[in-house]
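Here is the structure we will look at.
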Amino acid sequence: MDEPAKPRNYDGATGGWGSLKGMVRVERDAKASPAALRTLAEQNKPEGYMCSSCAWAKPPNPHVAEFCENGAKATVWDLTSERCTPAFFSAHSVIELAAWSDHDLEMAGRLSEPMRYDAKTDRYVPVSWDEAFAAIGRTLQRLEPKSVTFYASGKAALEPSYLYGVFARMYGHNNLPDSSNMCHETTSVGLTKVIGSPVGTCTFEDLSHCDAIFYLGQNPGTNSPRILHPLKDAVERGCKIIAFNPLREKGLLEFVDPQNPWQMTLGKPTKIAHQFLQVRPGGDIAALMGVCKRVLEREARDGNVLDRAFLDEHCKGETDFIAEAEATGWPEIERVSGLTRAELEAAGDVYAEANNVIGIYGMGLTQQVHGSQAIGMLVNLLLLRGNIGRQGAGCQPIRGHSNVQGQRTVGISEKPELVPLDKLREIFGFDPPTEKGHTTVEFLEAVLDGSAKGFIGLGGNLARAVPDQSRIHPAWRDLELTVHIATRLNRTHLLPGDESYILPCLVRAEEDMQETGPQTVTIEDSFSHIYGSIGRREPASPDLKSELAIVAAIAKATLPHHPLWHWDEWTGDYGNVRDLIARTYPDQFHDMSARMNTPGGFYRGNPARDRIWKTQSGKAEFTVPDTLSTNAIKDAAGRYTLVTLRSNDQFNTTVYGHSDRLRGLEGSRMIVLMNPFDIAQAGLEEGALVQLETDSEDGIKRIVRGLAVTPYDIPCGSLAGYFPELNPLVPLDHHDRLSKTPAAKGIPVQIRPG
Numbered sequence: 001m002d003e004p005a006k007p008r009n010y011d012g013a014t015g016g017w018g019s020l021k022g023m024v025r026v027e028r029d030a031k032a033s034p035a036a037l038r039t040l041a042e043q044n045k046p047e048g049y050m051c052s053s054c055a056w057a058k059p060p061n062p063h064v065a066e067f068c069e070n071g072a073k074a075t076v077w078d079l080t081s082e083r084c085t086p087a088f089f090s091a092h093s094v095i096e097l098a099a100w101s102d103h104d105l106e107m108a109g110r111l112s113e114p115m116r117y118d119a120k121t122d123r124y125v126p127v128s129w130d131e132a133f134a135a136i137g138r139t140l141q142r143l144e145p146k147s148v149t150f151y152a153s154g155k156a157a158l159e160p161s162y163l164y165g166v167f168a169r170m171y172g173h174n175n176l177p178d179s180s181n182m183c184h185e186t187t188s189v190g191l192t193k194v195i196g197s198p199v200g201t202c203t204f205e206d207l208s209h210c211d212a213i214f215y216l217g218q219n220p221g222t223n224s225p226r227i228l229h230p231l232k233d234a235v236e237r238g239c240k241i242i243a244f245n246p247l248r249e250k251g252l253l254e255f256v257d258p259q260n261p262w263q264m265t266l267g268k269p270t271k272i273a274h275q276f277l278q279v280r281p282g283g284d285i286a287a288l289m290g291v292c293k294r295v296l297e298r299e300a301r302d303g304n305v306l307d308r309a310f311l312d313e314h315c316k317g318e319t320d321f322i323a324e325a326e327a328t329g330w331p332e333i334e335r336v337s338g339l340t341r342a343e344l345e346a347a348g349d350v351y352a353e354a355n356n357v358i359g360i361y362g363m364g365l366t367q368q369v370h371g372s373q374a375i376g377m378l379v380n381l382l383l384l385r386g387n388i389g390r391q392g393a394g395c396q397p398i399r400g401h402s403n404v405q406g407q408r409t410v411g412i413s414e415k416p417e418l419v420p421l422d423k424l425r426e427i428f429g430f431d432p433p434t435e436k437g438h439t440t441v442e443f444l445e446a447v448l449d450g451s452a453k454g455f456i457g458l459g460g461n462l463a464r465a466v467p468d469q470s471r472i473h474p475a476w477r478d479l480e481l482t483v484h485i486a487t488r489l490n491r492t493h494l495l496p497g498d499e500s501y502i503l504p505c506l507v508r509a510e511e512d513m514q515e516t517g518p519q520t521v522t523i524e525d526s527f528s529h530i531y532g533s534i535g536r537r538e539p540a541s542p543d544l545k546s547e548l549a550i551v552a553a554i555a556k557a558t559l560p561h562h563p564l565w566h567w568d569e570w571t572g573d574y575g576n577v578r579d580l581i582a583r584t585y586p587d588q589f590h591d592m593s594a595r596m597n598t599p600g601g602f603y604r605g606n607p608a609r610d611r612i613w614k615t616q617s618g619k620a621e622f623t624v625p626d627t628l629s630t631n632a633i634k635d636a637a638g639r640y641t642l643v644t645l646r647s648n649d650q651f652n653t654t655v656y657g658h659s660d661r662l663r664g665l666e667g668s669r670m671i672v673l674m675n676p677f678d679i680a681q682a683g684l685e686e687g688a689l690v691q692l693e694t695d696s697e698d699g700i701k702r703i704v705r706g707l708a709v710t711p712y713d714i715p716c717g718s719l720a721g722y723f724p725e726l727n728p729l730v731p732l733d734h735h736d737r738l739s740k741t742p743a744a745k746g747i748p749v750q751i752r753p754g
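If you count by full-length UniProt numbering, then the sequence shown holds residues 1 to 754, one letter each, in order.
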């Protein structure tokens, strides 16, 4: 349970002994099995187990220990010795469990048997696999297909994800949102608009050849710690890293390499950021405009700064953008960004003098009302000097879930134009639906208006991750069918529909034994590389099934017999599924099974990396932003901009514990970080309990109470607090204008006592 918050200064660097202690603490609390240590030795290595946490690359020449603090936490969490059995559900009603914290729900352990919700007792009760599949199939046959949504968490591997998408279309819909809709769909839409590719253009090797990195809105110390190794190496060979973030996150400041005995002994960290720019939340477009403006000033003064040959051959719209940048005044740039002209000019000088520059970003850009435009601004900066499509340069988003990018690659998409429907028609002998399906936000709108009738979740904890929970949660229980393919109990399971099932599955580290023997699955990282992953640990329960086996069994129970639909054969040998993927996407996945264990993964390619632009114009396109404010929040008396964060003891909605070590915070997650000057101006004091209320004009009350005021180094006028506890403050229609990604990094709120 939460304890009172205990703010303190954390003097240590990212990594070092602190990360080792953090791993040991979670391993102890999770009661991990002894096999977890053997799994860590195999983690992220060829013919080993690929981490189920973030989507960072797996290098061809791995370290002895190729895992980070948070990757190790994810593994020991998966391999807990605790079990959530039918006896647990018999002892606790759903209404009782709903009062538990997210952490305590997951601490019940691994789910061990399939369960069905019994409304009479308000409890989940055991059900056989055959009974569950038959009942789910009957209900899906009864429901209108377009009223059902198949959601996918970004953790499921390529093979089950591919079959899941095929099943949805055989059933009759394109309602295939995934966790990308909640985070990096802005990337998929924003990058496609300007360079014709929905994914980053870099490879892991580019980090060894860049002279500067512009790093925006991503916290490597918590979200993807293994990136700190190549960042450290880059700094030590002279690369300059310019970091933009509202909070001075430790991961961008200093790092002690836990795999370097000399550095661990001396405790002397490597300084990461050459320049740390504490941008206001929502100030990214303005900040990037300032950097571009400085580059153009250097071009006017010195010449030979812009890559004129690249601009002439490969780009469109540069004249309009340059005119806009030159016309934008420094006072407005400074006001919106919260940065000084001198700071931005210094960053611009670094960019102008570097031969090869990489732009790296995270959800600080994507989860904004104008996030797509912010990504466009970063691309504008990179295009000015030809920093896309050559070694040591490029635009690279850092994604969260380990296979969230790969799921989109193999067809988990609500947009039929992104899927080779002609190939599906040829391979499987059916006519795929062509009507656009639901994004996550559109599914939630359908939940509210009653048109959504069924939900299947391939992993995840969607109801806890979404905006507007005070409206969504009551309506969720009106669904006629909810099916959860899961490893642990979570809050979404506690919102049962008329029929509700929890179907327990293997984790990636466990042996997946099918008819032809142990199975390998594949995943895709943020650099578009594909890796095989094989689990070797004994399953938590003999009653578990793999994600693929569950998807195939539901499909078999739902769909009519078809001579080309071989669900049992696909389940018995995942190589058959990889052959289907290769037939569907031959240019990217040919010889997939033969290549999947290539050290460092095999690269599926990206036309933009080769300067082939799949845009409407056939060129890389500069864009002129409509506004300098990424979050579209106007200054007003009493209005603050709230940013939601993950803690160091957290991966998305999974909360491993109550330590946020790198920010110097311990204990309660019910806190709000606030600038000391703002605390004084508001007549508050440290530890005072307050409530936050969304400052919206739609007449809907959105309030989170019981938050302890916690002083922190954050720009004035800004607040920060934890996801998902503060998600109820995000209006459902507060999202990126193009992608509908919830704008959780810029929420207008008022703060009041209570």
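Where a beta carbon is used, it is the ideal one built from N, C-alpha and C, also for glycine. Being a predicted model, the structure only gives us computed values, none of them experimental.
Just the Cα atoms here: how many angstroms apart are residue 242 and residue 273? For the purposes of this step, residue 242 is taken as the residue at position 242 of the sequence shown. For the purposes of this step, residue 273 is taken as the residue at position 273 of the sequence shown. Distance between the alpha carbons of residue 242 and residue 273: 6 angstroms.
Rounded to whole angstroms, what is the Cα-Cα separation between residue 493 and residue 629? Position 493 of the sequence shown holds residue 493. Position 629 of the sequence shown holds residue 629. Straight-line Cα distance between these residues: approximately 38 angstroms.
Taking the alpha-carbon of residue 120 as reference, which of 692, 496, 618, 13 has the nearest alpha-carbon? The residue labelled residue 120 in the question sits at position 120 within the sequence shown. Here the closest residue by C-alpha is 496.
Which whole runs of the alpha helix (DSSP H) in the segment 65-107 are 4 residues long or more, in chain order? 69-78, 86-91, 94-97, 102-106
Using only CA atoms, which one of 159, 153, 157 lies nearest to residue 176? If you number the sequence shown from 1, residue 176 lands on position 176. Checked all of 159, 153, 157; the closest Cα to residue 176 is 153.
Whole angstroms is fine: what's the gap from residue 124's alpha carbon to residue 30's? Here residue 124 refers to the residue found at position 124 of the sequence shown. Here residue 30 refers to the residue found at position 30 of the sequence shown. Straight-line Cα distance between these residues: approximately 24 angstroms.
Rounding to the nearest angstrom, what Cα-Cα distance links residue 107 and residue 364 in this structure? Within the sequence shown, numbered from 1, the residue matching residue 107 stands at position 107. Within the sequence shown, numbered from 1, the residue matching residue 364 stands at position 364. Rounded to whole angstroms, residue 107 to residue 364 spans 30 angstroms at the Cα level.
By the DSSP assignment, the beta strand (DSSP E) with residue 395 in it spans what residues? Taking the sequence shown and counting its residues from 1, one reaches residue 395 at position 395. Residue 395 -> beta strand (DSSP E) spans 394-397.
Enumerate in chain order the residues of its own chain whose CB-to-CB distance from residue 562 is below 7 angstroms, with the five nearest sequence positions on each side excluded. In the sequence shown, residue 562 corresponds to position 562, counting from 1. If we look at residue 562 and ignore the five residues flanking it on each side, its Cβ neighbours are 429.
Same chain only: Cβ atoms within 6 angstroms of residue 484, ignoring 5 sequence neighbours per side: On the sequence shown, residue 484 is found 484 positions in, with the first residue counted as 1. Counting only Cβ-Cβ distances below 6 angstroms, and skipping sequence neighbours, we find 457, 493, 502.
Rank 708, 184, 738, 702 by C-alpha distance to the C-alpha of residue 727 and give the top, closest one. Position 727 of the sequence shown, counting from 1, holds the residue named residue 727. That would be 702, whose Cα lies nearest to the Cα of residue 727.
With 16 other Cβ atoms within 10 Å as the buried cut-off, status of residue 319: Position 319 of the sequence shown, counting from 1, holds the residue named residue 319. It is exposed - the Cβ of residue 319 has fewer than 16 other Cβ atoms within 10 Å.
Using DSSP's beta-bridge definition, name the partner residues of residue 674. For the purposes of this step, residue 674 is identified with residue 674 of the sequence shown, where counting begins at 1. Note: residue 674 sits in a beta bridge opposite 711, 719.
Element boundaries [alpha helix (DSSP H), containing residue 473]: If you number the sequence shown from 1, residue 473 lands on position 473. Here the alpha helix (DSSP H) through residue 473 covers 469-476.
Does the distance from the CB of residue 372 to the CB of residue 189 come in under 7 angstroms? In the sequence shown, residue 372 corresponds to position 372, counting from 1. In the sequence shown, residue 189 corresponds to position 189, counting from 1. Contact flag set, yes.
Mapping DSSP to helix, strand and coil, what is residue 1? Here residue 1 is taken as the residue at index 1 of the sequence shown, counted from 1. Note that residue 1 has pLDDT 47, beneath the 50 cutoff, so the model's placement of it is unreliable and the number below is only indicative. Looking at residue 1 - three-state DSSP - the assignment turns out to be coil, as it is neither helix nor strand.
Between residue 369 and residue 734, which are expected to be in contact by the criterion C-beta below 8 angstroms, what is the C-beta distance as a whole number of angstroms? Position 369 of the sequence shown, counted from the start, is the residue given in the question as residue 369. Position 734 of the sequence shown, counted from the start, is the residue given in the question as residue 734. Their Cβ separation, rounded to whole angstroms, is 7 angstroms, which keeps residue 369 and residue 734 in contact under 8 angstroms.
Identify, in the order they occur along the chain, each residue of the same chain with its Cβ nearer than 7 angstroms to the Cβ of residue 461, setting aside the five sequence neighbours on each side. Working through the sequence shown from its first residue, we reach residue 461 at position 461. The residues are 490, 491, 492, 653.
Residue 383 to residue 333 span [Cα, whole Å]: Position 383 of the sequence shown, counted from the start, is the residue given in the question as residue 383. Position 333 of the sequence shown, counted from the start, is the residue given in the question as residue 333. For residue 383 and residue 333, the distance between alpha carbons rounds to 21 angstroms.
Can you give me the C-alpha to C-alpha distance between residue 16 and residue 268, rounded to a whole angstrom? Against the sequence shown, residue 16 aligns to sequence position 16. Against the sequence shown, residue 268 aligns to sequence position 268. The straight-line gap from Cα to Cα measures roughly 9 angstroms.
At which residue ranges does the segment 348-374 contain complete alpha helix (DSSP H) runs of 4 or more residues, listed in the order of the chain? 363-366
Out of 356, 151, 114, 150, which has the shortest C-alpha to C-alpha gap to residue 133? Walking along the sequence shown from the start, residue 133 turns up at place 133. Ranking the options by Cα distance to residue 133, first place goes to 114.
Classification of residue 451 by the beta-carbon crowding that lies within 10 angstroms, buried from 16 upward: Mapped onto the sequence shown, residue 451 falls at position 451. With fewer than 16 other Cβ atoms within 10 Å, it is exposed.
Taking the alpha carbon of residue 545 as the point to measure from, which residue in 512, 657, 531 has its own alpha carbon closest? Residue numbering aside, residue 545 sits at position 545 when the sequence shown is read from its first letter. The shortest C-alpha separation from residue 545 is found at 512.
Pick helix, strand or coil for residue 210, following the three-state DSSP scheme. Numbered from its first residue, the sequence shown carries residue 210 at position 210. In this structure, residue 210 counts as coil in the three-state DSSP scheme.
What residue range is occupied by the uninterrupted beta strand (DSSP E) comprising residue 503? The sequence position of residue 503 within the sequence shown is 503, counting from 1. Residues 499-504.
What does the alpha-carbon distance come out to for the pair residue 315 and residue 608? Residue 315 sits at position 315 when you count from the first residue of the sequence shown. Residue 608 sits at position 608 when you count from the first residue of the sequence shown. The straight-line gap from Cα to Cα measures roughly 12 angstroms.
Please name the residue, chosen from 471, 260, 230, that lies closest to residue 252 on a Cα-to-Cα basis. Stepping through the sequence shown from its first residue, residue 252 is reached at position 252. Measuring from the Cα of residue 252, the nearest candidate turns out to be 230.
Please give me, in chain order, every unbroken run of the alpha helix (DSSP H) with length at least 4 that falls completely inside the segment 148-192. 158-171
From residue 160 to residue 623, what does the alpha carbon distance come to, in whole angstroms? Counting from one through the sequence shown, the residue named residue 160 turns up at place 160. Counting from one through the sequence shown, the residue named residue 623 turns up at place 623. The straight-line gap from Cα to Cα measures roughly 38 angstroms.
I'd like to confirm the pairing. Which residues does DSSP put opposite residue 556 in its beta bridges? Here residue 556 is taken as the residue at index 556 of the sequence shown, counted from 1. The partner list for residue 556 (beta bridge, DSSP) is empty, contrary to what the question assumes.
Taking the straight line between their C-alpha atoms, what separation do you get for residue 71 and residue 317? Start at 1 with the first residue of the sequence shown, and residue 71 comes out as number 71. Start at 1 with the first residue of the sequence shown, and residue 317 comes out as number 317. Spanning the two alpha carbons is a distance of roughly 42 angstroms.
First and last residue of the uninterrupted alpha helix (DSSP H) at residue 775: As displayed, the chain neither begins before 1 nor continues past 754, which places residue 775 out of reach and without an answer.
Environment of residue 705 [buried if 16+ CB atoms lie within 10 Å]: Here residue 705 refers to the residue found at position 705 when the sequence shown is read from its first residue. Looking at its Cβ environment, which holds fewer than 16 other Cβ atoms inside 10 Å, residue 705 is exposed.
Taking C-beta to C-beta, are residue 455 and residue 149 nearer than 7 angstroms? Here residue 455 refers to the residue found at position 455 when the sequence shown is read from its first residue. Here residue 149 refers to the residue found at position 149 when the sequence shown is read from its first residue. A contact, by the Cβ cut-off of 7 angstroms.
Can you tell me where the beta strand (DSSP E) holding residue 457 begins and where it ends? Numbered from its first residue, the sequence shown carries residue 457 at position 457. Unbroken beta strand (DSSP E) run through residue 457: 454-458.
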